[in-house]
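Beneath this line is the structure, given in structure tokens, with notes to follow.
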Amino acid sequence: MSTNQENKSAKVKKGALFALVVLAISSGFYFLYFEDTVENYSSSPVAFQNSKPEPGIAIQSDPNEYSVITEGPTFKILMPEKLEREKIEAPIINPPIPHLVQPAIATRVNANIGQNINTNHHSLISIPPRTFVDKNGNVVTGDVDVLYKEYYTPLDIFLSGIPMKYDSGANEQLVSAGMIEITAMKNNEPLYVNKENKINVMLASLSGDPDYSIYYYDTNKAKWEYRGKDIVSPTATGLTQKTREFSDTIETKFKYTEPEFSIELFSNTIMEEKRKNIFSKKSRPESFELKLNPKKDSPEENKFIKNVRWKYTGQDAFENYLMLVADPLGKHKYAVKKKWKEVKIEKSESVDTYYLKASNDTIKISLEVTPVIKTKSAELAFKKNFMAYSNARQKRENEQSVAFEKFQADSAAYYAQYGRYTVKSVNYTAAVSRAFQVDGFGLWNCDRPIMRPQGASVLAQFKDQYGRQLDVTCVYLVEKNSNTVFAYYPSNFKSLKYNPTSDNVMWTILPDGKFAYITAEDFKQYKTRGGPCVFKFTVDEVENPSRAYLKDKLKFS
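The opening position of the sequence shown corresponds to residue 4 in the working numbering, with each subsequent residue numbered one higher.
Written out as structure tokens, the structure reads:
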């Protein structure tokens, strides 16, 4: 073997020996490390076996998805615990702008005698004696501080942080016709309502819709509870109601009751088609007779003309007959009777002509009629009785008018002095009060449930006026024809619902406290009913926005 071959062989042997040494050292080191790791794992359950992931170790995505959580030298796939979404997203009552929370108005009340509190919004809180009890159920005496807040607009609701979702089994929201929060304190200790002496509330409202009901917010269950119906009473003049009543105190009461009548018109005319002769076609009668039937629910003056028969003649006699005395219309052709809310006979001043005027809730009719008089003595008796009828009717109507005018004058003067039920430039047709009883302190709401907006369901993204992405944790939507605030959280952004045909306003509070909004005019551009939708907000560089600022930007009244 040559010298060169020997040198190569020696190098190969040295290389192989070095590789074996390195492999042995590496195996020993790995064995020692693995054995130490296993020993530590089996002897340290706190550190490895049963520990919960520390913050920063777990990377957790959407709660509805699986998350991979690393744990020591092993890997596990864990399903995160499902929590109630409302508890994650929305605290019970969380005012979004704390410095704009409405302060409570306090009134000191003598618990021994009670008191009526007239609020700034012209509501009435009527507190009877012995209303308050302490936590042990003992009746409280002496001075008590009663505190209240009232909420009437979407801005009021938004700034309060009060949730309006209604847990009825459906995805419903409460629309408010007025909300009030009442509490009571004595020596800084909360008081409770005596169940034997409940508080009466007449809550001022700008909606007279009878579909609203009373709801109470249970803070322990964090949800609204249905408490029954309220009683709606008008508080503005010019409303057509059977009974108009204002009541401020037990001692002061203004009342006007409009008379209700049920006047019966009766006819014994047989409205049957007949032939004038055997060669002619059948034709309808062109006249009929009727009488007023003076029953106990008729005006007193009708007794003077109870025996008078009134005749109508005309080509439309059959149609008018059906309208005046047939019920239901078009069904009967023989003698029947029908009741009306008002029937009166008036005589023309210039000529010897009489008009019968009848009306109810849906129909008004006026016909020229003539009294059926066959003798001269009957004519003299008719004239005498009709004059008595006219005078009695005029007297009743005058007394009724005077009573209503007095009601208007007395109530107007009283409320002008004390300020109750004064309506100031509101864009509503009427103002009412909604009466109910309070058997517990807290939030009371006149509401009706509605479904969330329908029409569009979009994958929502949010950017500012310059196209920059916004960090949004909650957006608020108001349909201006509904007095409620819809709150949408990140879980809703994948399917944010709104009605493109409604007058919508949207806004949010950014993490840095800035106010971002989309006006009703700007919102009209969003007509997408599905798929992605980028909502562009105007972000103003305003710190600590005022209530007036918010009203101006959102165009709330």
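Every residue gets a Cβ at the ideal spot worked out from N, C-alpha and C, and that includes glycine.
Below 8 Å on the Cβ atoms is my contact criterion, and I expect residue i with residue j to pass it. Report the Cβ-Cβ distance as a whole number of Å.
i              : j              : result
lysine 466     : leucine 473    : 6 Å
methionine 182 : tryptophan 447 : 7 Å
valine 178     : arginine 451   : 6 Å
serine 505     : isoleucine 453 : Wrong, their Cβ atoms sit about 12 Å apart, outside the cutoff.
alanine 207    : histidine 124  : 5 Å
isoleucine 266 : leucine 295    : 7 Å
alanine 180    : cysteine 477   : With a Cβ gap of about 25 Å, alanine 180 and cysteine 477 do not count as contacting.
glutamine 468  : lysine 556     : The pair is not a contact, with the Cβ atoms about 13 Å apart (cut-off 8 Å).
tyrosine 479   : threonine 511  : 7 Å
So, with DSSP's three-state summary, where would you put residue i?
i                 : result
valine 542        : strand
tyrosine 219      : strand
isoleucine 120    : strand
methionine 167    : coil
leucine 499       : strand
proline 297       : coil
leucine 194       : coil
valine 354        : coil
lysine 85         : Caution applies to lysine 85, whose pLDDT of 33 falls short of 50 and renders its modelled position unreliable; the value that the coordinates give is listed next. Reduced to three states, the DSSP call for lysine 85 is coil.
alanine 395       : helix
leucine 370       : strand
methionine 390    : helix
valine 375        : coil
lysine 189        : strand
phenylalanine 489 : strand
valine 405        : helix
isoleucine 160    : helix
proline 101       : helix
serine 126        : coil
glutamate 276     : coil
phenylalanine 282 : coil
lysine 347        : strand
Near residue i, what residues of its chain come up, given a Cβ to Cβ distance below 7 Å and the 5 sequence neighbours on each side ignored?
i                 : result
valine 235        : Gly211, Pro213, Val435, Arg437
threonine 522     : Val508, Lys558
valine 562        : Not covered by the structure: residue 562. The range shown for the chain is 4 to 560.
phenylalanine 291 : Ser270, Thr272, Met274, Tyr315, Ala320, Tyr324
glutamine 118     : Val112, Ile130
phenylalanine 526 : Asn507, Val508, Met509
phenylalanine 496 : Ala463
valine 441        : Ile185, Val196, Lys201, Ile202, Val204, Trp447
lysine 198        : Asp442
Hey, quick one: how far does the beta strand (DSSP E) through residue i stretch, first residue to last?
i              : result
methionine 509 : 507-512
valine 149     : 146-154
lysine 226     : 226-231
alanine 459    : 459-467
alanine 523    : From DSSP, alanine 523 is part of no beta strand (DSSP E) but of the alpha helix (DSSP H) over 523-526.
cysteine 477   : Neither: cysteine 477 is in no beta strand (DSSP E) and is coded neither H nor E.
threonine 134  : No beta strand (DSSP E) holds threonine 134; DSSP gives it neither H nor E.
arginine 437   : 435-441
leucine 446    : 445-454
arginine 111   : 108-113
isoleucine 202 : 202-208
tyrosine 315   : 313-316
glutamate 267  : 266-269
Taking the alpha helix (DSSP H) that residue i falls in, what are its first and last residues?
i              : result
asparagine 323 : 320-328
tyrosine 552   : 550-557
Looking only at its own chain, which residues have a Cβ that is under 8 Å from the Cβ of residue i, when we skip the five neighbours before and after it?
i                 : result
aspartate 146     : Arg111, Val112, Asn113, Ala114, Lys189
phenylalanine 444 : Ile185, Thr186, Ala187, Pro193, Leu194, Tyr195, Val196
leucine 383       : none
aspartate 170     : Lys226, Trp227
valine 372        : Trp313, Lys314, Tyr315, Ile348, Tyr357, Tyr358, Leu359
asparagine 502    : Pro456, Gln457, Gly458, Ala459, Glu482
proline 58        : Residue placement at proline 58 is poorly supported in this model, since its pLDDT is 32, which falls under 50; the coordinates still yield a value, given next. So the list is empty, once near-sequence residues are dropped.
For residue i, I'd like the list of residues in its chain whose CB is within less than 6 Å of its CB, leaving aside the five on either flank, ordered along the chain.
i             : result
proline 548   : Phe518
valine 142    : Arg133, Val136
arginine 278  : Lys285
leucine 327   : Leu268
glutamate 349 : Tyr358
valine 311    : Pro374
glycine 231   : Ile217
proline 98    : Val104, Gly164
- Message: Check whether the stretch 121-134 and the stretch 199-213 touch, using three or more Cβ-Cβ pairs below 8 Å as the test.
- Response: They touch, by the three-pair rule.
- Decide if the stretch 302-312 is in contact with the stretch 357-371; the criterion is three or more beta carbon pairs, one per stretch, under 8 Å apart. At 8 Å Cβ cutoff, the stretches do not touch.
- Item | Sufficient close CB pairs (3 or more, under 8 Å) joining the stretch 530-550 to the stretch 455-470 | Yes, the stretch 530-550 is in contact with the stretch 455-470.
- Do the stretch 150-157 and the stretch 99-107 touch if we need at least three Cβ pairs shorter than 8 Å? Verdict: yes, contact present.
- Inter-stretch contact (C-beta, 8 Å, three-pair minimum) for the stretch 135-144 and the stretch 157-166: As far as the Cβ criterion goes, the stretch 135-144 does not touch the stretch 157-166, which means the pair count is below three.
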